[in-house]
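Colleague: Just passing along the structure, written as structure tokens.
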Amino acid sequence: MLELERKAALELDDRVRTLERQNDAKLEEERNRRLREVQELESQVSTGHQGLNLALQMKEQEVQILKTEIEELKANLDREKELKENALNTIKEVQQTMQKTGVETSAAIGTLESTVASLRARIHFLESGSKAQSDKESKKKLIKEETLRRILFNQVQELKGNIRVMCRVRPTFKEGAEELSIIGKEKRSNFGKVSTEIHAFSFDRVFGPTSQNQEVFEEISQLVQSALDGYNVCIFAYGQTGAGKKHILCHLLTA
1 MLELERKAAL ELDDRVRTLE RQNDAKLEEE RNRRLREVQE LESQVSTGHQ
51 GLNLALQMKE QEVQILKTEI EELKANLDRE KELKENALNT IKEVQQTMQK
101 TGVETSAAIG TLESTVASLR ARIHFLESGS KAQSDKESKK KLIKEETLRR
151 ILFNQVQELK GNIRVMCRVR PTFKEGAEEL SIIGKEKRSN FGKVSTEIHA
201 FSFDRVFGPT SQNQEVFEEI SQLVQSALDG YNVCIFAYGQ TGAGKKHILC
251 HLLTA
């Protein structure tokens, strides 16, 4: 009986040890599995941190680039504002100078024209023949006065401008458009805004579509006089095809 109990106890001990070994093996396996999971999670966390750091660095670089571009745009805008202000100041100074010069020139022209008119009257008197003077003296004075008149008349023309640009507008044709559109060169700013440049043209005189030949002749008659006095004079019409050059020089007298 005791032998059977001892044998059963030994078998029970063997079974317990076997179960303990199996349990230890399972625990070790579970422990290793948990360790691997922890390592994988740590690796994922580390990779995620690296990705976040890289993304953060890229965003910081983008922000820095945008800041640099904004600073450059502000600097360009300040320069453009300064250039615009300088241009406006220059235009004002030029306008003031031109107004002052125009007043002085107009006064000088008025004085010279009065002198020329006086000389013309005197020449006319000498040409009519004065009984108080001899023919020889009259002719001598006539030549002298005529020479002085030519000099003064030429000075008037020089004051008015050796080169004069005048504009005569041709009337529109019945089959033509009533309005004329001219598209200038486009300019793009640093902000991408597209604007069309505006050019201002100035002329010594402008003849409208209803101007008559008499008005044009009154303007160029003084140049004709200069040519008769022996000075070089050139009058020509300039413009693209269809601008009205023939209308300016040789249109109908009633036009």
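With the UniProt record's numbering applied, the sequence shown covers 1 to 255. Even glycine gets a Cβ: it sits at the ideal position worked out from N, Cα and C.
If you reduce the DSSP assignment to three classes, tell me which class residue 255 lands in.
Modeller: Start at 1 with the first residue of the sequence shown, and residue 255 comes out as number 255. A caution first: residue 255 carries a pLDDT of 43, below 50, which makes its placement in the model unreliable, though a value can still be read off. Residue 255 falls in the coil class under three-state DSSP.
Colleague: Reducing DSSP to helix, strand and coil, say where residue 118 ends up.
Modeller: Here the question's residue 118 lines up with position 118 in the sequence shown. Note: residue 118 maps to helix in three-state DSSP.
Colleague: Suppose contacts are defined by Cβ-Cβ distances below 8 Å. Is residue 216 in contact with residue 167 by that definition?
Modeller: The count along the sequence shown starts at 1 and reaches residue 216 at position 216. The count along the sequence shown starts at 1 and reaches residue 167 at position 167. No, Cβ-Cβ distance for residue 216 and residue 167 is not below 8 Å.
Colleague: Report, in whole angstroms, the separation of the C-beta atoms of residue 149 and residue 116, which I expect to be a contact under 8 Å.
Modeller: The sequence position of residue 149 within the sequence shown is 149, counting from 1. The sequence position of residue 116 within the sequence shown is 116, counting from 1. With 8 Å as the limit, residue 149 and residue 116 qualify as a contact, their Cβ atoms being about 6 Å apart.
Colleague: One question on the structure: do residue 137 and residue 123 come within less than 8 Å of each other, judged by their Cβ atoms?
Modeller: On the sequence shown, position 137 is the one that residue 137 refers to. On the sequence shown, position 123 is the one that residue 123 refers to. No, Cβ-Cβ distance for residue 137 and residue 123 is not below 8 Å.
Colleague: Could you tell me if residue 157 is buried or exposed, where buried requires 16 or more neighbouring beta carbons within 10 angstroms of its beta carbon?
Modeller: In the sequence shown, the residue the question calls residue 157 occupies position 157. So residue 157 ends up on the buried side.
Colleague: DSSP has residue 167 in a bridge; who is on the other side?
Modeller: Locating residue 167 in the sequence shown gives position 167, where the first residue counts as 1. According to DSSP, which records beta bridges pairwise, residue 167 is partnered with 206.
Colleague: Between the C-alpha atoms of residue 109 and residue 153, what's the straight-line distance to the nearest angstrom?
Modeller: The sequence position of residue 109 within the sequence shown is 109, counting from 1. The sequence position of residue 153 within the sequence shown is 153, counting from 1. If you take the alpha carbons of residue 109 and residue 153, they lie about 10 Å apart.
Colleague: Using a 10 Å radius around the Cβ and a threshold of 16 neighbouring Cβ atoms, would you call residue 248 buried or exposed?
Modeller: Here residue 248 refers to the residue found at position 248 when the sequence shown is read from its first residue. Buried is the call here.
Colleague: So if DSSP puts residue 195 in a beta bridge, which residue, or which two residues, is it bridged to?
Modeller: Along the sequence shown, read from residue 1 onward, the residue named residue 195 stands at position 195. DSSP lists 187 as partners of residue 195.
Colleague: Can you give me the start and stop residues for the alpha helix (DSSP H) that residue 227 sits inside?
Modeller: The residue you call residue 227 lines up with position 227 of the sequence shown. First-last of the alpha helix (DSSP H) with residue 227: 213-228.
Colleague: What three-state label does DSSP hand residue 89 in the structure shown?
Modeller: Here residue 89 refers to the residue found at position 89 when the sequence shown is read from its first residue. Correct three-state label for residue 89: helix.
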